[in-house]
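Q: Taking my numbering, the leading residue of the sequence shown gets 1, the next gets one more, and so forth. Once you've had a glance at the structure underneath, I'll fire off some questions.
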Amino acid sequence: MSGWFKPLVLSYVSKKRLKSNIERKLKKSQLEAYKTNRRKRLYYLESLKSKNLYLLNSLDLSVQKLILCTLYLAEGSKNKNSAYLGLGSTNPAIIKFYLSLLNNCFKIDNSKFRARIQCRADQNKKSLENFWRNITGVPSQQFYPTYIDQRTVGKKTLKKGYKGVCVLFYFDTSIQLELELLAESVIKFITAGR
C-alpha cells in the first residue's frame, strides 16, 4: 500500500492534520498503555503482599524481639559505651514500629525516653516538633533542642513532605546491650549456616 501512495503529495493543511491525528492517537495509546501497565503493577504488588500474609500469624514475642534487634542493628546507634538505646528515622511508620516493638518486648518506662529532631535550615522547628511529638507520644519536656543541619543554610528543601529525622533515645543500658548481643548472635547463627 505504501507503494501506491508514494507519489501522492499532501498539502500543508493535510500534512498538519495527519500529524495532529498521529499525535492524538499516540497520546491515546500511551494513556491506555499506562493504565494497563498500572493495573498489572497493582495486581503484581497485591499478589506479592498476599503471598506472605500468612507469616503474620508467626509474630509472637520472640519473633518480634528478633525483628527489633534486626531493626536496631540496621537503624540504631551502636555505641556500647553509651547509656542509651538510640534510633533515628525520617519515616514515621518506622518510628511507630520501633516504639511498638519496644513496648511489646520490654517493660518500658516512658519517662526514660528522650527525642531530638534533626532538620534542614528552611524548616519550621515548632511544626516538626509537634509532628514528631504526635507520632512518638514523647512529651515536649523530654525533647532535646532541635538540631539544624548547618550545611543546608540557604538551600531549599526539595523533598515534599520531608519532616526531618526523629532520633529516639531510651535510657536503659540493659535493653541496649541485650539487643546488641542478640543481634550479634543472630548474625553468627545465620552466617555460620546453623
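C-beta: ideal position from N, C-alpha, C; glycine also. No experiment lies behind these values; they were computed from the predicted model shown.
Could I get the ranges of all uninterrupted beta strand (DSSP E) runs contained in the segment 157 to 187, with 3 residues as the minimum, in chain order?
A: 165 to 170
Q: Please state whether DSSP places LEU73 in a helix, a strand or coil.
A: Counted from its first residue, the sequence shown places residue 73 at position 73. Three-state result, LEU73: helix.
Q: Does the pairing of the segment 49 to 60 with the segment 131 to 150 give three or more beta-carbon distances under 8 Å?
A: Because the criterion of three Cβ pairs below 8 Å is not met, the segment 49 to 60 and the segment 131 to 150 do not touch.
Q: Could you check the C-alpha separation between GLN123 and ASN130 for me, to the nearest Å?
A: Position 123 of the sequence shown holds residue 123. Position 130 of the sequence shown holds residue 130. If you take the alpha carbons of GLN123 and ASN130, they lie about 13 Å apart.
Q: Looking only at DSSP bridge pairs, what is GLN118 linked to?
A: Residue 118 sits at position 118 when you count from the first residue of the sequence shown. Partner(s): TYR147 and VAL165.
Q: How long is the line joining the alpha carbons of ASP109 and THR157, rounded to whole angstroms?
A: Taking the sequence shown and counting its residues from 1, one reaches residue 109 at position 109. Taking the sequence shown and counting its residues from 1, one reaches residue 157 at position 157. Distance from the CA of ASP109 to the CA of THR157, rounded to the nearest whole angstrom, comes to 36 Å.
Q: With a cut-off of 8 Å, do at least 3 Cβ pairs link the segment 180 to 191 to the segment 86 to 102?
A: no
Q: Is the Cβ-Cβ distance between LEU179 and LEU68 less than 8 Å?
A: As a first step, residue 179 is located in the sequence shown; it is residue number 179 there, counting from the start. As a first step, residue 68 is located in the sequence shown; it is residue number 68 there, counting from the start. Yes; because the gap between Cβ atoms is below 8 Å, this pair is in contact.
Q: Drop a sphere of 10 angstroms on the beta-carbon of LEU102, count the other beta-carbons inside from all chains shown, and report buried for 16 or more, exposed for fewer.
A: The sequence position of residue 102 within the sequence shown is 102, counting from 1. By the 10 Å Cβ count, LEU102 comes out buried.
Q: Please confirm if the segment 110 to 121 is in contact with the segment 161 to 181, defined as three or more CB-CB distances below 8 Å between the two stretches.
A: yes
Q: Determine the DSSP secondary structure at PHE113, reduced to helix, strand or coil.
A: Translated into the one-based positions of the sequence shown, residue 113 becomes position 113. If DSSP states are grouped into helix, strand and coil, PHE113 belongs with the strands.
Q: Going by the DSSP bridge assignment, what does GLY137 pair with across the sheet?
A: One-based indexing of the sequence shown puts residue 137 at position 137. DSSP, once it has assigned bridges, lists no residue as partnering GLY137.
Q: What does DSSP give as the partner residue(s) for SER89 in the beta ladder?
A: By 1-based counting over the sequence shown, the position of residue 89 is 89. Beta bridge pairing from DSSP links SER89 with CYS166.
Q: Measuring alpha carbon to alpha carbon, tell me which of ILE135, ASP172 and CYS119 ends up nearest TYR147.
A: Taking the sequence shown and counting its residues from 1, the one referred to as residue 147 is at position 147. Ranking the options by Cα distance to TYR147, first place goes to CYS119.
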